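Chemist: Residue numbers (the UniProt record's numbering): 1 to 241.
Backbone N, C-alpha and C fix where the C-beta goes; we use that ideal spot for every residue, glycine too.
Just so you know, these numbers come straight off a predicted model, no measurement behind them.
Let me give you the structure first, and then I'll get to my questions.
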Amino acid sequence: MTTALTCTNIHVDFDGFKAVNGVDLTLDRGEVHFLIGPNGAGKTTLVDAVTGLAKYSGSVVKDGVELRGKKVHHIARRGIGRTFQTATVFEQLTVAQNLDIAAGAGRSPWSLLRRRTVLPDNVVAVLEQIGLAGQAQTPAGILAHGQKQWLEIGMLLVGDADVLLLDEPIAGMGHEERDTTGRLLHEIAETRAVAVVEHDMDFMRAFASRVTVLHAGAVLASGSVDEVSNDPRVQEVYLGA
Ligand code: ADP
Numbered sequence: 001m002t003t004a005l006t007c008t009n010i011h012v013d014f015d016g017f018k019a020v021n022g023v024d025l026t027l028d029r030g031e032v033h034f035l036i037g038p039n040g041a042g043k044t045t046l047v048d049a050v051t052g053l054a055k056y057s058g059s060v061v062k063d064g065v066e067l068r069g070k071k072v073h074h075i076a077r078r079g080i081g082r083t084f085q086t087a088t089v090f091e092q093l094t095v096a097q098n099l100d101i102a103a104g105a106g107r108s109p110w111s112l113l114r115r116r117t118v119l120p121d122n123v124v125a126v127l128e129q130i131g132l133a134g135q136a137q138t139p140a141g142i143l144a145h146g147q148k149q150w151l152e153i154g155m156l157l158v159g160d161a162d163v164l165l166l167d168e169p170i171a172g173m174g175h176e177e178r179d180t181t182g183r184l185l186h187e188i189a190e191t192r193a194v195a196v197v198e199h200d201m202d203f204m205r206a207f208a209s210r211v212t213v214l215h216a217g218a219v220l221a222s223g224s225v226d227e228v229s230n231d232p233r234v235q236e237v238y239l240g241a
């Protein structure tokens with residue numbers, strides 16, 4: 001297990017309001033790391049900071065390289081990939097074309113729009129992994145909600161992201177799809193670091209290797225599922241106990 005990303009003393013300030021207030025966070029390859037906490041705790045803002053969307057003070061280092069001050073596309077090229085609650089796929093294009101575009105730096109846009117009969121090996125491998133091998137030529141717009149989320153994760157994989165930051169990846173999914181997603185995240189985390197912003201406590205208990213609880217912009221607790229579940233400060237925040 002190696003460390004992929006180290007965030008140190010991250011502060012994000014919106015006109016004097018401290019949305020993130022001195023957070024330290026380490027993401028290791030080999031782990032599915034859940035970020036939980038009540039609404040407004042600062043989870044999304046922290047992810048925004050790491051991906052270059054929110055200005056912050058502190059330090060974000062990936063594989064020895066400081067990312068603070070770098071542009072969004074530069075950070076993405078460094079292998080940090082992100083999904084949003086609502087999947088952002090190209091609805092008019094097929095599943096394979098979506099993956100092709102995500103993989104296709106350096107090729108002309110027109111070549112990407114052709115429907116290929118022979119798909120590149122990396123696209124085929126990801127199609128298998130995300131369970132969409134049978135839908136390669138299906139327009140992404142008609143996929144089921146869960147399948148769109150998997151496609152979006154696949155787009156990060158084919159683009160060689162090795163730190164994946166996923167915002168509520170199971171929102172709107174049924175039980176079976178959730179379990180499939182949890183298993184997929186663990187498979188991905190065998191070689192990469194996966195962080196999941198999540199509200200669903202059952203999903204967290206079933207699939208978290210590690211949990212960090214944010215509250216009021218700060219880390220309230222971090223550890224295994226059992227450690228954070230038994231922490232009285234966490235219980236107080238969640239149950240008002
Ligand atoms: P979470 O993802 O944990 O629900 P957020 O990171 O979305 O929390 O929000 C943390 C706090 O920062 C909230 O109080 C929210 O209202 C505030 N906030 C988020 N974005 C902005 C912004 N662009 N301007 C001002 N306040 C913001």
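Just checking, does the region 69 to 85 make contact with the region 33 to 52 on the three C-beta pairs under 8 Å criterion?
Modeler: Enough Cβ pairs lie closer than 8 Å, so yes.
Chemist: Considering L41, what are the terminal residues of the alpha helix (DSSP H) in which it resides?
Modeler: On the sequence shown, residue 41 is found 41 positions in, with the first residue counted as 1. Per the sequence shown, the amino acid found at residue 41 is Ala instead of Leu. Segment: none, A41 is in no alpha helix (DSSP H) and carries neither H nor E.
Chemist: What's the gap between the Cα of G106 and the Cα of D100?
Modeler: In the sequence shown, counting from the first residue as 1, residue 106 sits at position 106. In the sequence shown, counting from the first residue as 1, residue 100 sits at position 100. Bear in mind that a pLDDT of 49 at G106, under 50, signals an unreliable position, so the number given afterwards is only what the model happens to contain. Cα-Cα distance, rounded: 12 Å.
Chemist: Less than 8 Å between the C-beta atoms of L156 and L143, yes or no?
Modeler: Position 156 of the sequence shown, counted from the first residue, corresponds to residue 156. Position 143 of the sequence shown, counted from the first residue, corresponds to residue 143. In this structure, L143 does not lie closer than 8 Å to L156 by Cβ.
Chemist: I want to check one thing, is the minimum distance from the CB of A19 to the heavy atoms of the ligand ADP below 7 Å?
Modeler: The sequence position of residue 19 within the sequence shown is 19, counting from 1. Because some heavy atom of the ligand ADP lies under 7 Å away, the Cβ of A19 counts as near it: yes.
Chemist: Is H175 buried or exposed, if buried means 16 or more other CB atoms sit within 10 Å of its CB?
Modeler: Along the sequence shown, read from residue 1 onward, the residue named residue 175 stands at position 175. Exposed, since its Cβ has fewer than 16 Cβ neighbours within 10 Å.
Chemist: So that I know if they touch, is there some Cβ in chain B lying closer than 8 Å to that of T45?
Modeler: The question asks about chain B, but that chain is absent: this structure has only one protein chain.
Chemist: Residues in the same chain with beta-carbon distance under 6 Å from E177, minus the five sequence neighbours each way, listed in chain order, please.
Modeler: For the purposes of this step, residue 177 is identified with residue 177 of the sequence shown, where counting begins at 1. G146, listed in sequence order.
Chemist: Beta strand (DSSP E) containing L214: first to last residue?
Modeler: To locate residue 214, count along the sequence shown from 1; it is residue 214. Counting along the chain, the beta strand (DSSP E) containing L214 begins and ends at R210 to H215.
Chemist: Count the other C-beta atoms from every protein chain shown that fall within 10 angstroms of the C-beta of R210, then say buried if there are 16 or more, exposed otherwise.
Modeler: Residue 210 sits at position 210 when you count from the first residue of the sequence shown. R210 comes out buried.
Chemist: Taking the alpha-carbon positions, what's the L185 to D15 distance?
Modeler: Working through the sequence shown from its first residue, we reach residue 185 at position 185. Working through the sequence shown from its first residue, we reach residue 15 at position 15. Cα to Cα, the separation comes out at about 36 Å.
Chemist: Going by the C-beta, is F84 closer than 7 Å to any heavy atom of the ligand ADP?
Modeler: Within the sequence shown, numbered from 1, the residue matching residue 84 stands at position 84. No, Cβ of F84 sits at least 7 Å from all heavy atoms of the ligand ADP.
Chemist: For T86, name the three-state secondary structure that DSSP assigns.
Modeler: If you number the sequence shown from 1, residue 86 lands on position 86. Three-state DSSP puts T86 in coil, outside helix and strand.
Chemist: Less than 8 Å between C-beta atoms, sequence neighbours within five positions excluded: which residues of the same chain meet that for A241?
Modeler: Residue 241 sits at position 241 when you count from the first residue of the sequence shown. With a pLDDT of only 48 at A241, under the threshold of 50, the placement of this residue in the model should not be trusted; the figure read from the coordinates follows. So the qualifying residues of the chain are P232 and Q235.
Chemist: Within 10 angstroms of its Cβ, does T83 collect 16 or more other Cβ (buried), or is it exposed?
Modeler: Numbered from its first residue, the sequence shown carries residue 83 at position 83. With 16 or more Cβ atoms within 10 Å of its Cβ, T83 is classed as buried.
Chemist: Leaving out the 5 sequence neighbours to the left and right, which residues in its chain are closer than 6 Å to I188 when beta-carbon positions are compared?
Modeler: As a first step, residue 188 is located in the sequence shown; it is residue number 188 there, counting from the start. Once the five neighbours on either side are set aside, the close Cβ partners of I188 are V194.
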